[in-house]
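Novice: Below is one structure. I have some questions about it.
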Ligand code: ATP
Ligand code: MG
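In my numbering, the protein residues as written are 327 to 684.
This is the structure:
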């Protein structure tokens, strides 16, 4: 077996349904590995809100050291109602994204065969685009503060940080991605009419970077009208690039337009590959259905397909997506959120067996 067919994967099942869907992702990876001669060594950690409640930290102080040389991180979901959201975000997700330079958050928005869009019947069916979100700087920063607390003059200040290096590299990633796609089209999300320093800078860099890609059609919209176009004209888009905040909003809206949140995947990518990238479903820990065994495992399994693609196995990735489409075409194998009766394990096993059969 050649070295690029053997991978060490760190797994973080996390909280709630994360614990139920990660094993299904692993099951499908094992199946695809047998078929395509790829081996996975899974190293699991139990970092979660439970860890936080016991130790006061989401992960050990030297936690990131343990993953530095792994090939990828495969994450379920972290977050639980009795722990404030910012704890799981700033205690685990953001440190991983930053330490491993995962400055691209990539989410495919695609209408798979067998899924129905909330827009089906009144909109175009050919929804197939990517949201590329800047993942490490921008609006999500710790710079700022509070003044005159508790008085009537109280002030909160939040600084957004946009660096030329950070903006250029995410824009280039978007243009490079568009180059690989038939429509060859990049759309930038902006708000330079209302935000007078960072967004005009973003627009300037967009214009500068686009000059290097004459074969790509490039346009830009203010974030407000862009969200309306996502709903009314999802067929217009190919690669949509946005800052951390705008990308966050668009990358939740996109999968919603394409169907169930339970099937949407995402990747936190380090394009230079000097550290592991991280793959996780778009959905959270879903406390309302956790522990019942009914969660849809497809978001996790599709995230595994994105991981295979990133690891240099696009055919294996395609085999997983084809198996997902085969399985959801049959109502009996769908989970409840997609109108079926299958449980998490039955849906995962069905996908794994289609993958194995080839
Ligand atoms: P987070 O803040 O971590 O993103 P959230 O509060 O936004 O989490 P989710 O945990 O994603 O929300 O859940 C939103 C809704 O979608 C819930 O009703 C949940 O049950 C449902 N849901 C999420 N994931 C799945 C899934 N895999 N299968 C079925 N239903 C799901
Ligand atoms: Mg959420």
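All residues carry an ideal CB built from backbone N, CA and C; glycine is no exception. Model, not experiment: these values are computed from the prediction.
Beta-carbon separation of residue 621 and residue 665 under 8 Å?
Specialist: No. Outside cutoff.
Novice: By how many angstroms is the C-alpha of residue 654 removed from the C-alpha of residue 572?
Specialist: If I take the Cα positions, the gap works out to 31 Å.
Novice: Tell me the rounded alpha-carbon separation between residue 527 and residue 360.
Specialist: Distance between the alpha carbons of residue 527 and residue 360 is about 49 Å.
Novice: Label residue 517 either buried or exposed according to how many other C-beta atoms from any shown protein chain fall within 10 Å of its C-beta, with 16 as the threshold for buried.
Specialist: Looking at its Cβ environment, which holds 16 or more other Cβ atoms inside 10 Å, residue 517 is buried.
Novice: Using the three-state DSSP reduction, which class does residue 670 fall into: helix, strand or coil?
Specialist: Looking at residue 670 - three-state DSSP - the assignment turns out to be helix.
Novice: Between the region 385–397 and the region 327–344, do at least 3 Cβ pairs fall closer than 8 Å?
Specialist: Yes, the region 385–397 is in contact with the region 327–344.
Novice: Quick one: does the C-beta of residue 622 sit closer than 7 Å to a heavy atom of the ligand ATP?
Specialist: Yes, Cβ of residue 622 sits closer than 7 Å to a heavy atom of the ligand ATP.
Novice: Which same chain residues, not among the five before or five after residue 590, have their C-beta less than 6 Å away from its C-beta?
Specialist: 581, 608, 625, listed in sequence order.
Novice: Out of 456, 354, 401, which has the shortest C-alpha to C-alpha gap to residue 273?
Specialist: In the structure as shown, the chain starts at 327 and stops at 684, and residue 273 therefore has no counterpart that could be examined.
Novice: Within its chain, find whatever has a CB closer than 8 Å to the CB of residue 505; leave out the 5 residues flanking it on each side and keep chain order.
Specialist: These residues qualify, in order along the chain: 539, 541, 542.
Novice: Compute the Euclidean distance between the alpha carbons of residue 341 and residue 631, then round it to the nearest angstrom.
Specialist: Roughly 22 Å separates the two Cα atoms.
Novice: What number of angstroms, rounded off, separates the C-alpha of residue 531 from the C-alpha of residue 415?
Specialist: The straight-line gap from Cα to Cα measures roughly 29 Å.
Novice: At the level of alpha carbons, what is the spacing between residue 560 and residue 495?
Specialist: The alpha-carbon atoms of residue 560 and residue 495 are separated by roughly 26 Å.
Novice: Counting only the same chain and skipping the five closest in sequence on each side, list residues whose C-beta sits under 6 Å from that of residue 667.
Specialist: Excluding sequence neighbours, residue 667 sits near nothing in its chain.
Novice: With a 10 Å radius around its C-beta and 16 neighbouring C-beta atoms as the bar for buried, classify residue 485 as buried or exposed.
Specialist: Label assigned to residue 485: exposed.
Novice: What residue from 676, 525, 648, 365 has the CA that sits closest to residue 700's CA?
Specialist: As displayed, the chain neither begins before 327 nor continues past 684, which places residue 700 out of reach and without an answer.
Novice: Which same chain residues, not among the five before or five after residue 550, have their C-beta less than 8 Å away from its C-beta?
Specialist: If we look at residue 550 and ignore the five residues flanking it on each side, its Cβ neighbours are 517.
Novice: Mapping DSSP to helix, strand and coil, what is residue 612?
Specialist: Residue 612: coil per DSSP, three-state reduction.
Novice: Going by other Cβ atoms of all chains shown within 10 Å of its Cβ, with 16 needed for buried, is residue 523 buried or exposed?
Specialist: Classification of residue 523: exposed, given that the 10 Å Cβ count is below 16.
Novice: So, with DSSP's three-state summary, where would you put residue 617?
Specialist: Of the three classes helix, strand and coil, the one that applies to residue 617 here is coil, per DSSP.
Novice: Is it buried or exposed for residue 519, if we count other Cβ within 10 angstroms and need 16 for buried?
Specialist: Counting Cβ neighbours within 10 Å, residue 519 comes out exposed, since fewer than 16 surround it.
Novice: Which first and last residues belong to the alpha helix (DSSP H) in which residue 378 is found?
Specialist: 375–381 is the span of the alpha helix (DSSP H), which, as asked, contains residue 378.
Novice: Sorry if obvious, but does the Cβ on residue 612 come closer than 7 Å to a heavy atom of the ligand ATP?
Specialist: Yes - the ligand ATP has a heavy atom lying nearer than 7 Å to the Cβ of residue 612.
Novice: Taking only three categories from DSSP, how would you classify residue 604?
Specialist: Three-state DSSP puts residue 604 in a strand.
Novice: If residue 499 and residue 597 are in contact, beta carbons under 8 Å, what's the gap, nearest whole angstrom?
Specialist: That pair is a contact at about 6 Å.
Novice: Pick from 656, 349, 437: whose alpha carbon is nearest that of residue 403?
Specialist: Out of 656, 349, 437, 349 has the C-alpha closest to the C-alpha of residue 403.
Novice: Any chance the CB of residue 661 is under 7 Å from a heavy atom of the ligand ATP?
Specialist: Answer for residue 661: yes, Cβ within range of the ligand ATP.
Novice: Going by the C-beta, is residue 574 closer than 7 Å to any heavy atom of the ligand ATP?
Specialist: No, the beta carbon of residue 574 sits no closer than 7 Å to any heavy atom of the ligand ATP.
Novice: Grab the span of the alpha helix (DSSP H) containing residue 547 for me, first residue to last.
Specialist: That residue, residue 547, is in no alpha helix (DSSP H); its beta strand (DSSP E) goes 543–548.
Novice: Below 8 Å on the Cβ atoms is my contact criterion, and I expect residue 592 with residue 351 to pass it. Report the Cβ-Cβ distance as a whole number of Å.
Specialist: Contact doesn't hold; Cβ gap of about 13 Å is too wide.
Novice: Skipping 5 residues on each side, what residues in its chain have a beta carbon closer than 7 Å to that of residue 436?
Specialist: If we look at residue 436 and ignore the five residues flanking it on each side, its Cβ neighbours are 453, 454, 584.
Novice: Measuring straight from C-alpha to C-alpha, what distance separates residue 377 and residue 407?
Specialist: Roughly 14 Å separates the two Cα atoms.
Novice: Report the residue ranges of all beta strand (DSSP E) runs contained in full by the region 419–489; include only those spanning at least 3 residues, in chain order.
Specialist: 430–436, 454–460, 470–473, 481–484, all fully within the region 419–489.
Novice: Residue 487 and residue 467 look like a contact to me (Cβ under 8 Å); what is the Cβ gap, rounded to whole Å?
Specialist: At roughly 5 Å, the Cβ-Cβ gap stays under 8 Å, so residue 487 and residue 467 are in contact.
Novice: According to DSSP, which residues form a beta bridge with residue 367?
Specialist: Its beta-bridge partners are 334.
Novice: Quick check: residue 601 and residue 633, are their CB atoms within less than 8 Å of each other?
Specialist: Cβ distance not < 8 Å, so residue 601 and residue 633 don't count as in contact.
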